[in-house]
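The sequence shown maps to residues 1 to 122 in the UniProt record's numbering. Just so you know, even glycine gets a beta-carbon here, dropped at the ideal spot from N, CA and C.
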Amino acid sequence: MSIDFSPDKPIYQQLIDRILGDIMRGTLAAGEKLPSVREYAVEAGVNANTMQRVYKELEQMEITETKRGQGSFVTEDQEKIAALRDEMKEQLVTTFLQSVAAFGFTTDEIIKSLQERGGEND
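Put into structure tokens, the structure is as follows:
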């Protein structure tokens with residue numbers, strides 16, 4: 001299963017975002033073992049070096065940890081995962097608000113539109 005990558009963002013960053021999303025959604029649970037670098041590279045259809053970079057970045061972010069001889073695991077630190085969720089939420093909101101302002105929409109227009117959509121994605 002190869003992943004369709006966007007041309008406007010580095011592939012390794014898209015893979016990091018994908019894994020972070022899986023962790024935040026709970027698809028990857030705290031303490032869960034990640035596939036090996038080679039397995040994930042084959043699954044994603046990327047070079048193993050790219051996947052190695054992804055795992056290294058995640059470890060530097062303290063989102064995963066490598067246990068020698070066992071593999072890479074999602075952190076069990078729930079506070080770290082909660083902080084990641086908050087940070088990602090703030091980044092998304094900031095990007096959204098910048099886009100809204102660039103198109104000249106008012107805050108009231110956007111709030112009204114969001115309220116009309118209600119729980120569509122719940």
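Whole-number beta carbon distance between V46 and I19, since they are thought to touch under 8 Å: What you label residue 19 is simply residue 19 of the sequence shown in a count that begins at 1. What you label residue 46 is simply residue 46 of the sequence shown in a count that begins at 1. Not confirmed; about 13 Å, so no contact.
Practice problem: Tell me where the beta strand (DSSP E) around K67 begins and ends. | Solution: The residue given as residue 67 occupies position 67 in the sequence shown. Start and end: 64-67.
Using C-beta distances below 6 Å, list every residue in its chain close to V54, excluding the 5 sequence neighbours before and after it, in chain order. Walking along the sequence shown from the start, residue 54 turns up at place 54. These residues qualify, in order along the chain: Y12, L15, I16.
Quick one: Cα of M24 to Cα of R117, how far? By one-based count along the sequence shown, residue 24 stands at place 24. By one-based count along the sequence shown, residue 117 stands at place 117. Each residue's alpha carbon lies about 23 Å from the other.
Note to self: Let me check one thing: in DSSP terms, what residues is V74 bridge-paired to?
What the structure shows: The residue you call residue 74 lines up with position 74 of the sequence shown. DSSP, once it has assigned bridges, lists T64 as partnering V74.
Note to self: Between the alpha carbons of Q78 and A30, how many angstroms are there, rounded?
What the structure shows: To locate residue 78, count along the sequence shown from 1; it is residue 78. To locate residue 30, count along the sequence shown from 1; it is residue 30. Those two C-alpha atoms are separated by around 7 Å.
Worksheet item: When the Cα of T27 is compared with those of A41, K56, V74, which residue comes out closest?
Response: Taking the sequence shown and counting its residues from 1, the one referred to as residue 27 is at position 27. The residue with the shortest Cα to Cα distance from T27 is V74.
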